[in-house]
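Residue numbers (this note's numbering): 83 to 335.
The beta-carbon is built from N, C-alpha and C at its ideal position, and this holds for glycine as well.
Because the structure is a prediction, the values reported are computed rather than measured.
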């Protein structure tokens, strides 16, 4: 995909007219392609956005001892990393702030907003629980990486399958392989959120665009993310930088 630099004033004027610089309406998201792969206790989701952003998420699960402070809960961990291409060639130093913000958003959704029911991950209280690890890798960033990261994480969480657990005579536990379990289990998901990133290009009018491009991110006065369940309940809100935004504007969006 060929990427063209756009002047910030042109980008804002185009959005104010109702037709963005790439031809989309202000409330129209770009096309999305999702690819899924599944193996024994692991699933991989690759998300490619129309803008050129690409994210891969791998979800792995296995049996571990529970946290001593939470003997009845499974473990859920989230990490987000970006490739050298996604960070403009930077390597060896601290992670860019935007990567940290994306990790906070994905972690908040998966862990704090109870996408995964951690109570249902308990196999034997105080002895065995399921550990779910969600590793997000941002391969290319062309504007909106947050939406792609959330979609990849949710898709991989939905796609993973686990063999059923059996208790053996000696007290140990055994997980059936997918080839010997006719009905492997998915993860216990309480809801499946989707994230929408909005860029504020004018605070007075106001002008907001969904699924901003790289040029719109650069021209934006503020950027924020809203994650909602299929029942339109807001489960996470995160401002990703820029000028202060009135609460009414966020609610209207």
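- Positions of the alpha helix (DSSP H) runs, each at least 4 residues long and wholly inside the region 230-311, are given as 296-301 in order along the chain.
- Annotation for residue 124: 142 place their beta carbon closer than 6 angstroms to its own, counting only its chain and skipping 5 residues before and after.
- Residue 266 sits away from residue 208, with the two beta carbons spaced by 8 angstroms or more.
- Rounded to the nearest angstrom, the gap between the Cα atoms of residue 106 and residue 189 is 30 angstroms.
- Cβ contact annotation for residue 226 (same chain, cutoff 7 angstroms, sequence separation greater than five): 131, 133, 135, 279, 293 and 294, in chain order.
- Assignment of residue 179 by DSSP, reduced to helix, strand and coil, places it in the helix class.
- Listed in chain order, the non-local C-beta contacts of residue 96 below 7 angstroms within the same chain comprise 102 and 103, local neighbours out to five positions each way being set aside.
- C-alpha of residue 144 to C-alpha of residue 321: approximately 34 angstroms in a straight line.
- For residue 328, there is no enclosing beta strand (DSSP E), since its DSSP letter is neither H nor E.
- Only exposed fits residue 194, as fewer than 16 other CB atoms lie within 10 angstroms of its CB.
- DSSP links residue 115 through a beta bridge to 130.
- In the three-state reduction of the DSSP assignment, residue 194 falls in the helix class.
- Here the region 303-323 makes no contact with the region 241-255; the two share fewer than three CB pairs at distances below 8 angstroms.
- Judged by DSSP secondary structure, residue 91 falls within the alpha helix (DSSP H) whose first and last residues are 90-98.
- In summary, residue 166 is exposed, with fewer than 16 beta-carbon neighbours lying within 10 Å of its beta-carbon over all protein chains present.
- Straight across, the Cα-Cα distance linking residue 308 with residue 126 is about 24 angstroms.
- With the rule of 3 Cβ pairs closer than 8 angstroms, the region 285-292 does not count as touching the region 266-277.
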